[in-house]
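A.B. asks: Numbering-wise (the UniProt record's numbering), the sequence shown opens with residue 1 and increments by one.
No residue lacks a Cβ here, since even glycine has one placed at the ideal position from N, Cα and C.
Quick one: the structure is below, questions incoming.
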Amino acid sequence: MQNLKESLTLVRTRIERACTASGRPVDAARLLAVSKTFGADSIRAAAEAGQSAFGESYVQEALDKRAALADLALEWHFIGPVQSNKTRDIAAHFDWVHGVDRLKVAQRLSDARDPAAAPLQVCVQVNISCEASKSGCDPAQAQALCAAVAKLPRLRLRGLMGIPAPIKDARDARAPFHELRVLFENIRASGLPLDTISAGMTDDLEIAIAEGSTLVRVGTAIFGQRIPT
Ligand SMILES: *Cc1c(COP(=O)(O)O)cnc(C)c1O
């Protein structure tokens, strides 16, 4: 797992350089290591190299890995689309959820969260590419959804999450991240205390950080190519 350690160091260096290049503090963007499809042994190796926050997209796969890693104090983020029939498991076994895009799932997550546990940290996912097929709420609805989520007792609204559609022209790459940032600023100006922009992956983390991302979700650059499931 020597490669994994080196890959992690490279990713951290990319993040720090991107922060500095955009005039932000070196630690302005956190790293979420996206470990979906990789085994518990890979996560353990990353944890030994100092990584503590991990992102998973498939509930059952994540629960199996959590059980195998119960001896480690890790932070688990659910980054996949949230299906209504999975809200109980997500509320019970994750610290963060990034894919909340409608009030119904937010309500179910809040209802299912153990009142004795810390509130579930939530990012509202916004469809920043206006693609009918992608998940995420309509940008025009984001502020109202955030206001409603912020009122739910066992959730803590942290910010916005976005995944831009693949683009044909590199000059257009910045626009969706910019749109997400403007939305974030507007919602903050309305009085909601957001502190997180969850944006940027292996191929575009520098662009996302230049547009204000505070949390990048990186899989391939750390763990290698995923075998399609
Ligand atoms: C898989 C995934 C990532 C990681 O993508 P890479 O290109 O491998 O870095 C980030 N965010 C979400 C929501 C994902 O599903």
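Taking only runs that begin and end inside the region 160-195, name each unbroken alpha helix (DSSP H) of 4 or more residues, in chain order.
C.D. replies: You should have 174-189.
A.B. asks: Tell me whether Thr13 is buried or exposed, calling it buried when 16 or more other Cβ atoms sit within 10 Å of its Cβ.
C.D. replies: It counts as exposed.
A.B. asks: What number of angstroms, rounded off, separates the C-alpha of Arg30 from the C-alpha of Ala91?
C.D. replies: Rounded to the nearest angstrom, the two C-alpha atoms are 23 angstroms apart.
A.B. asks: With H, G and I counted as helix, E and B as strand and the rest as coil, what does DSSP make of Val82?
C.D. replies: Coil, per DSSP.
A.B. asks: So with Cβ pairs under 7 angstroms, would you call Trp96 a contact of chain B?
C.D. replies: Of the protein chains in this structure there is only one, and it is not chain B.
A.B. asks: I'd like to know whether the C-beta atoms of Pro81 and Ser129 end up nearer to each other than 7 angstroms.
C.D. replies: Not a contact, by the Cβ cut-off of 7 angstroms.
A.B. asks: Just grab the DSSP bridge partners of Arg156 for me.
C.D. replies: Paired residue(s): Gln121.
A.B. asks: Which residue wins for smallest C-alpha separation from Gly219, given the options Ala21, Ala33, Ile15 and Ser22?
C.D. replies: Per the Cα distances, Ala33.
A.B. asks: Can you check whether the CB of Leu160 is closer than 7 angstroms to the CB of Cys123?
C.D. replies: Yes. Within cutoff.
A.B. asks: Just the C-alpha distance for Arg88 and Gly212, rounded to the nearest angstrom, thanks.
C.D. replies: Approximately 32 angstroms between the Cα atoms of the pair.
A.B. asks: What residue does the beta strand (DSSP E) around Arg30 start on, and which one ends it?
C.D. replies: It spans Arg30 to Val34 - the beta strand (DSSP E) in which Arg30 sits, taken as one unbroken run.
A.B. asks: Out of Thr214, Ile227, Leu120 and Asp169, point me to the one whose CA is closest to Ala18's CA.
C.D. replies: When each option's Cα is compared against that of Ala18, the closest is Thr214.
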